[in-house]
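> Pasting a structure below so you can have a look.
In this note's numbering, the protein residues as written are 103 to 191.
Listed below in structure tokens is the structure:
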């Protein structure tokens, strides 16, 4: 969230935001030429930094347009993607 959105801090759950971002990273994930999993990083920088601190992704601040997902990050991202976006019924 941007600094101008500080009023959101009173009512939004940062952990749920991080889970949603991680799930969306799964949506854009791919294997590179080294067989590592990467994802396009067009998401909120603060959320990406928190995911890095939790060990789910590599350093988000770089010239690359994608970010490395750790093995645990990929597993969590896949599980969260299924939880949030699976068809119901």
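A virtual CB, placed ideally from N, CA and C, is assigned to each residue, including glycine. A quick note: this is a predicted structure, and the numbers were derived from the prediction, not measured.
According to the neighbour-count rule (16 or more other Cβ atoms, all chains shown, within 10 Å of its Cβ), is residue 161 buried or exposed?
As a first step, residue 161 is located in the chain shown; it is residue number 59 there, counting from the start. Under this definition residue 161 is an exposed residue.
> Taking only the alpha-carbon atoms, compute the straight-line gap between residue 138 and residue 171 and give it to the nearest angstrom.
Taking the chain shown and counting its residues from 1, the one referred to as residue 138 is at position 36. Taking the chain shown and counting its residues from 1, the one referred to as residue 171 is at position 69. Rounded to whole angstroms, residue 138 to residue 171 spans 8 Å at the Cα level.
> Using the three-state DSSP reduction, which class does residue 113 fall into: helix, strand or coil?
In the chain shown, residue 113 corresponds to position 11, counting from 1. Three-state DSSP puts residue 113 in coil, outside helix and strand.
> Take residue 123 as the anchor and find which of 159, 188, 165 has the nearest alpha-carbon.
On the chain shown, position 21 is the one that residue 123 refers to. The shortest C-alpha separation from residue 123 is found at 159.
> Using the beta-carbon count (16 or more within 10 Å), is residue 121 buried or exposed?
Indexing the chain shown from 1 puts residue 121 at position 19. That one is buried.
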